[in-house]
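J.: Residue numbers for the sequence shown follow our numbering, beginning at 17 and rising by one.
Note that beta-carbon positions come from the ideal geometry of N, C-alpha and C, so glycine has one too.
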Amino acid sequence: MVLGLVREARAWLRPLLVALFNRSISWSLRWRLLLLQPTVFLTYSIGKAPYVFSSPFQVEYLPVGPDGSLARALVFKPGERKISGGRKLRPLHVDIHGGAFIGGMPENFASFNERIANETGAVVVSITYRYAPEHTFPAAIDDVDRTLEWLRLNAEARWDADPSLMTISGSSAGANLALAAMQQPACQRPASTAIKTCITFYGVVDQRVSPWQKPRPDKMPKSDPTAVLMPLFDAYPAAARKDHLDDPRLSPILADRKTLPGRMLMVIAAVDILVAEQMEFVQRMREQHAAEPQSDADGDWLQVIIEDDGFHGYLEVPDFFVSKEIKARASDPAVTLLREVYEEFGWIWE
């Protein structure tokens, strides 16, 4: 228990600790981490408050670090219901949280992951990764790749979850990592462990340019209170950008359609600097798909939902600010897609 409390304290105070004690990071980033600390307190409080006394998940620590160290994960297990379709093992869904590659926590999407477990019967594992600025590209995607490999080897024995029926989702930076993970052969068709579908929410898909160079939609405010933190938001890709301009593990917008699942869903917030790159990604994928001699899905293989008044992170704020009805316009189709994909592969949760 003491070790758990220490881990929690370090997570809450990480920006402060890194700013004060990590001298390998430039001062221009360290003083911005000090500015970030109050925001971390606020977002962590919002994310964790609903689960202080009870939670729909178990906290587990998986030995997936580069040196065998433990990484925190939330595991959501469904209740018992009638199963048909011939599969005994449950589907395995992996969710990757956002946070601009500099923070965040798996609790951010806990309500969505709880729905997936309860309404599809899947075991949901919400994972994390190392953060910038102390860990830059490819640290985060390397962590995700290692975690997926560990899940392929251990999910069946640990949770009765089927690594051959794995799906994935991610928000913001987590969406980038979910798409980037598809570059591993084990995640691609025709491998038996290929990811069966990918769902992204306001994803970062193009890191060839810095955040302040991206076009701002007309609906966005003219002034940006987070502008002073922009160098932090660019800390993950900045040092590697020059040598990885053509790398889809950094910028999934460059991915080949053939590396991606047969079905996908993208939820795009229209009041967000990431709109243009996501729409370009959609266009590229649809053009590549249309050029395939034998398409493996019909015209809606890539579903796109655009929330006209949605801002970056709108699904993660309390219902007081964004209603459940608005959030359901994204989460309902996502859960439906997962149910359809699982049924396609023989898992029916009645």
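For Asp262 and Leu270, what's the separation of their Cα atoms in angstroms?
T.: 7 Å
J.: Along the chain, where does the alpha helix (DSSP H) that runs through Arg46 open and close?
T.: Trp43 to Lys64 is the extent of the alpha helix (DSSP H) around Arg46.
J.: Residues in the same chain with beta-carbon distance under 7 Å from Asp176, minus the five sequence neighbours each way, listed in chain order, please.
T.: Leu105 and Arg106
J.: Quick check on the DSSP output: the alpha helix (DSSP H) that includes Phe297 runs from which residue to which?
T.: Val291 to Ala307
J.: Identify the residues that DSSP records as bridge partners of Val283: which are they?
T.: Phe217 and Ile321
J.: Out of Ser61, Tyr60 and Arg162, point me to the one whose CA is closest to Val80's CA.
T.: For the residues Ser61, Tyr60 and Arg162, the minimum Cα distance to Val80 belongs to Arg162.
J.: From what residue to what residue does the beta strand (DSSP E) around Pro94 run?
T.: From DSSP, Pro94 is part of no beta strand (DSSP E); its letter is neither H nor E.
J.: Quick one: grab the DSSP three-state call for Trp365.
T.: strand
J.: Assign Pro206 to one of two classes, buried (16 or more other C-beta atoms within 10 Å of its C-beta) or exposed (fewer than that).
T.: exposed
J.: Near Leu276, which residues of its chain fall below 6 Å by C-beta distance, leaving aside the five closest residues on each side in sequence?
T.: Within the same chain, Leu276 has close Cβ partners Met198.
J.: Pop quiz: Gly186 and Gly219 are said to be a contact at Cβ under 8 Å. What is the actual Cβ separation, rounded to whole angstroms?
T.: In this structure Gly186 is in contact with Gly219, their Cβ atoms being roughly 7 Å apart against a cut-off of 8 Å.
J.: Grab the span of the alpha helix (DSSP H) containing Ala194 for me, first residue to last.
T.: Ala189 to Ala197
J.: Please report the distance separating the alpha-carbon of Val75 from that of Ala256.
T.: 33 Å
J.: Can you tell me whether Gln74 is helix, strand or coil according to DSSP?
T.: strand
J.: Going by DSSP, what residue range makes up the alpha helix (DSSP H) through Pro247?
T.: Met246 to Phe249
J.: For Asp111, which beta-bridge partners are listed by DSSP?
T.: Ser142 and Ser185
J.: For the structure I just gave you, are there three or more beta carbon pairs, one from the region 87-97 and one from the region 125-141, closer than 8 Å?
T.: yes
J.: Can you say whether Gly114 is buried or exposed, counting buried as having 16 or more other CB atoms within 10 angstroms of its CB?
T.: Counting of Cβ neighbours within 10 angstroms places Gly114 among the buried residues, the total reaching 16 or more.
J.: Find out if the Cβ-Cβ distance for the pair Ile420, Pro334 is shorter than 8 Å.
T.: A question about residue 420 goes unanswered here, because the residues of the chain that appear run from 17 up to 366.
J.: Using C-beta distances below 6 Å, list every residue in its chain close to Ala35, excluding the 5 sequence neighbours before and after it, in chain order.
T.: Arg46, Leu49 and Leu50
J.: Can you give me the C-alpha to C-alpha distance between Val367 and Ser40, rounded to a whole angstrom?
T.: No information on residue 367 is available, as it lies outside the stretch 17 to 366 that the chain covers here.
J.: For Asn124, collect the residues of the same chain with a Cβ closer than 6 Å to its Cβ; drop the 5 residues on either side in sequence, then sort them by chain order.
T.: Within the same chain, Cβ atoms closer than 6 Å to the Cβ of Asn124 are found at Gly63, His113 and Glu332, the five residues on either side in sequence being excluded.
J.: With which residues is Ala350 paired in a DSSP beta bridge?
T.: Per DSSP, none; premise fails for Ala350.
J.: So, for Met280: in the same chain, excluding its five sequence neighbours on each side, which residues have a beta-carbon less than 6 Å away from its beta-carbon?
T.: A distance below 6 Å between beta-carbons, with the five flanking residues on each side excluded, links Met280 to the following residues of its chain, in chain order: Cys214 and Leu318.
J.: Which residue or residues does DSSP assign as beta-bridge partners of Asp178?
T.: Pro107
J.: Going by other Cβ atoms of all chains shown within 10 Å of its Cβ, with 16 needed for buried, is Ala243 buried or exposed?
T.: exposed
J.: Comparing alpha-carbon positions, which option in Leu193, Lys235 and Pro201 lies nearest Gln223?
T.: Leu193
J.: Is the region 144-159 touching the region 52-71 in the sense that three or more CB pairs, one from each, lie closer than 8 Å?
T.: no
J.: Check whether the Cβ atoms of Pro201 and Ile289 lie closer than 8 Å to each other.
T.: no
J.: Pull up the DSSP beta-bridge partners for Ala87, would you.
T.: Leu78
J.: Since Ala126 is in the alpha helix (DSSP H), which residue starts that stretch and which ends it?
T.: Ala126 to Thr136
J.: Is Phe327 helix, strand or coil by DSSP?
T.: If DSSP states are grouped into helix, strand and coil, Phe327 belongs with the strands.
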